[in-house]
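Reviewing the structure listed below.
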Amino acid sequence: MKNIQVPRGTRDVLPPEVYKWNYVEALFRHICEKFGYKEIRTPIFEHTELFHRGVGETTDIVQKEMYSFKDNGDREITLKPEGTSPVVRSFIENKLYADTQPTKLYYITPCFRYERPQAGRLRAFHQFGVEVFGTSNPAVDAETIGLAMAFYKSLDIKNLELRINSVGCPECRRKYNDTLRNYLSTRVDRLCKTCQDRYERNPMRIIDCKVESCKKEIADIPLMLDHVCEDCRNDFEGLKENLTLMEIPYQVDPTIVRGLDYYTKTAFEIISHEIGAQGTVCGGGRYDGLIECLGGPATPGVGFAMGVERLLLTLQNNNIEIPKPKGIDIFIATIGENASKEAVKLLHKLRLEGIAADKDHMNRSLKAQFKYADKLHAAYTIVIGDDELDKDSVQLKNMETGQQEEIKLSTILELMKSKIK
RNA sequence: GUGGCUGUAGUCAAGCGGUUAAGACACAGGAUUGUGGCUCCUGCAUUCGUGGGUUCAAUUCCCAUCAGCCACCCCA
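What follows is the structure in C-alpha cells.
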C-alpha cells in the first residue's frame, strides 16, 4: 500500500526536536509575563469575513493564500493566516475594552497560508505574538519591541537587526500616495514589469525594487517618512526616544512597508541574516484603525508576530544549544520472570512518587538492558534476579561513575526519593 | 503564481547504460558463567521518490508527476 505523507509545506516535530519547542514556548511565556502581558487563546479557525476585513481585501494573504472552506452548516470558515485579527475579534466580542486599559495580550498559535514552501516559509507554521490595545503612546510601541529584543537576548541570539519606519496615518498616507503617483506618472513606462503592476496596486512597494534600472529611475523618490503629518512625526520621534532610553539599537528604514492593510504609524522588522531569503524573524507595528474596522470602539493597538520556525532556524544557524532534557532517574534491569514481575510493581511505585523510571519490554539480555539504560541516560541502574529477591539486596549502580553500592531492595523507593532531590 | 537545482536504506552518501547497488553513522545481535559507554565481529536496499517512455538492457537517458531546496514574489 502506498504511504501517506504530510501535506506539502507542513512537517512533524519529532521527539528529538520537540524539547526545543517546549523550551522557547516556555521562555516566551516567561518574558511576556514579566512584561505584564497575559496569554489569550483563540480558535484555529474563524469566519472568513474576519480576515477579509481584518487583514484587507487587497493583500496577498486574502487574495490567494487562505485555507478557506465551507463547513457542514454552510458557514464560510478560514484557518487563521495570522494572529492579530482573531485577538482583536475576541477583544471586541468579550468587551475587554471595558476593563482597565491598556489590554496587554500574548499568544502562541499555528497559522496557515497557502504559499510556495521554502526554508523558513511553511504552509502550516507557528507564531508568537503580542498585542496591546487602548493606548496610542509610542512608548508602548517601543515596549513591544523591547519585549521581542529581550526574548532574543535571553536566547543569546546576536546579529539581529531592528529596522523601524512610520507608514503614517490614513490622512498622511493618502496625501503621500498622491505625491507618489504624481512623481511616478511620468516614469511608469520606464519601470520594470512588476513595478508597473505595483504602480496600480501598491506604489509604495516600488521603493524596494531591486532592479537596477528602477533604482536609477526612482533615485529621488519621495519617502513616506518625509511626508508624515506632524502628529505621526512626533510619535515616530517618541518611538526612537524610547528605544534609546532602553538602549536598543535601531536603523530607520523608510522602505519597510507592512503587507497587511491595517498598519498605521510604527512599522518594524527584526531581521536575521543567517537564515536565507526569509530573514524577517519578527514583524509588527501599530494598527490604530483595526479595532474600529472590525466593529469595536475606536481603540488604538500595536503588536508584533514572530515566526517560531524561523526562530528555531536562527538558533540552529548560530549554533545556539537549547538545554537537553535529562534522562530517567533509574532503570530496573531484570533476570527471569519473577524479577520482571517484581520490577513492574516497583516501577509503578517509583513513578507514583515522581521518580522517572523504566524497564525493558523487549526481552533483552542483561547486557543489552544495560545498553538500553545507557541510551535512556539513566542516572542509576539496579539488577534484580532471583538472588536479589531472596536476599532483599541489590547493587545500585551509578551509571556515570560506574560505582555500585549494595542496598536493600525494600528501601529503594525511599533512597531514590532522597537521591533525586 | 514564475524561474532554477535536487530526489539512492532511519540519516549522510558512492555508483550515472550491462550479471550479487560501495562506504559511514544509526539500529539490532554477539565477543564463554548476571553489568553500559571504547574496541572488534555479524546482520540490516529483490531495489534507486512515483508513473510512463527509449533500449536487447536503465538507479543511470527522456517525459510527466510528487516532494525538498534556492531565487523572485510575499511574509513570520
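Per numbering that gives the first Met the number 0, the very first residue in the first sequence carries number 0; after that it's consecutive. Even glycine gets a Cβ: it sits at the ideal position worked out from N, Cα and C.
Check: How long is the line joining the alpha carbons of Thr178 and Pro221, rounded to whole angstroms?; Outcome: 8 Å
Check: Under the rule that 16 or more other beta-carbon atoms within 10 Å means buried, what is Ser212, buried or exposed?; Outcome: exposed
Check: Could you give the uninterrupted runs of the beta strand (DSSP E) lying entirely in the region 285 to 354, keeping only those of 3 residues or more?; Outcome: 300 to 306 and 329 to 333
Check: When you compare only the Cα positions, how much space is there between Leu161 and Gly145?; Outcome: 11 Å
Check: Exposed or buried, Arg173, counting other C-beta atoms within 10 Å across all chains shown (16 or more means buried)?; Outcome: exposed
Check: For a test of the three-state rule: what should DSSP assign to Val251, helix, strand or coil?; Outcome: strand
Check: Which stretch, first to last residue, makes up the beta strand (DSSP E) that contains Ile91?; Outcome: Segment Thr83 to Glu92 is the alpha helix (DSSP H) holding Ile91; no beta strand (DSSP E) there.
Check: Pull up the distance between the alpha-carbon of Ala297 and that of Thr99, whole angstroms please.; Outcome: 16 Å
Check: For the alpha helix (DSSP H) that contains Cys31, what are its first and last residues?; Outcome: Pro14 to Lys33
Check: Do you know whose CA, among Leu349, Leu310 and Ile334, lies nearest Arg423's CA?; Outcome: Because the chain is modelled from 0 through 420, residue 423 falls outside the range shown and cannot be assessed.
Check: Tell me the DSSP secondary structure of Asp389 in three-state form.; Outcome: helix
Check: Taking DSSP as the reference, what is the three-state secondary structure of Ile205?; Outcome: helix
Check: For Arg40, count neighbouring C-beta atoms within 10 Å of its own C-beta (all shown protein chains included) and say buried if the count is 16 or more, exposed if not.; Outcome: exposed
Check: Who does Ile381 pair with in a DSSP beta bridge?; Outcome: Ile331 and Leu395
Check: If you count every other CB in all the chains shown that lies within 10 Å of the CB of Lys63, and 16 or more means buried, which is it?; Outcome: exposed
Check: So what does Ala123 bridge to, in DSSP terms?; Outcome: Phe111
Check: Between which two residues does the beta strand (DSSP E) carrying Thr57 extend?; Outcome: Run containing Thr57: none; DSSP gives neither H nor E here.
Check: When the Cβ atoms of the region 92 to 109 are set against those of the region 22 to 34, are three or more pairs found closer than 8 Å?; Outcome: yes
Check: Take every Cβ of the region 263 to 273, pair it with every Cβ of the region 132 to 147, and state whether three or more of those distances are shorter than 8 Å.; Outcome: yes
Check: Cβ atoms of Glu352 and Lys416: under 7 Å apart, would you say?; Outcome: yes
Check: Does DSSP put Val256 in a helix, in a strand, or in coil?; Outcome: coil
Check: Measure from the alpha carbon of Leu154 to the alpha carbon of each residue in Leu346, Phe27, Leu242 and Val129, then state which is nearest.; Outcome: Phe27
Check: For Asn136 and Thr263, what's the separation of their Cα atoms in angstroms?; Outcome: 13 Å
Check: What residue range is occupied by the uninterrupted beta strand (DSSP E) comprising Thr263?; Outcome: Thr263 to Ser271
Check: How far does the beta strand (DSSP E) with Leu414 in it reach, from first residue to last?; Outcome: No beta strand (DSSP E) contains Leu414, which is instead part of the alpha helix (DSSP H) from Ile411 to Lys418.
Check: Out of curiosity, what's the CA-to-CA distance linking Asp230 and Val139?; Outcome: 16 Å
Check: Would you kindly report the start and end of the unbroken beta strand (DSSP E) that includes Lys69?; Outcome: Ser67 to Lys69
Check: Assuming the contact rule is C-beta atoms closer than 8 Å, Asp252 and Asn164 should be a hit. Round their C-beta distance to whole Å, please.; Outcome: 6 Å
Check: Checking 7 Å against the spacing of the C-beta atoms, do Val256 and Gly167 come in under that value?; Outcome: no
Check: With DSSP collapsed to three states, give me the class of Leu190.; Outcome: coil
Check: If you draw a straight line from the C-alpha of Asp287 to the C-alpha of Ala304, how long is it?; Outcome: 17 Å
Check: To which residues of the same chain is Leu388 closer than 7 Å at the C-beta, ignoring the five residues directly before and after it?; Outcome: Asn337, Ala338 and Glu341
Check: Per DSSP, what kind of secondary structure is Gly72 in: helix, strand or coil?; Outcome: coil
Check: If Tyr261 and Gly53 are in contact, beta carbons under 8 Å, what's the gap, nearest whole angstrom?; Outcome: 7 Å
Check: Does DSSP put Val5 in a helix, a strand or coil?; Outcome: coil
Check: Comparing C-alpha positions only, which one of Cys191, Ile331, Arg350 and Leu395 sits nearest to Ala367?; Outcome: Ile331
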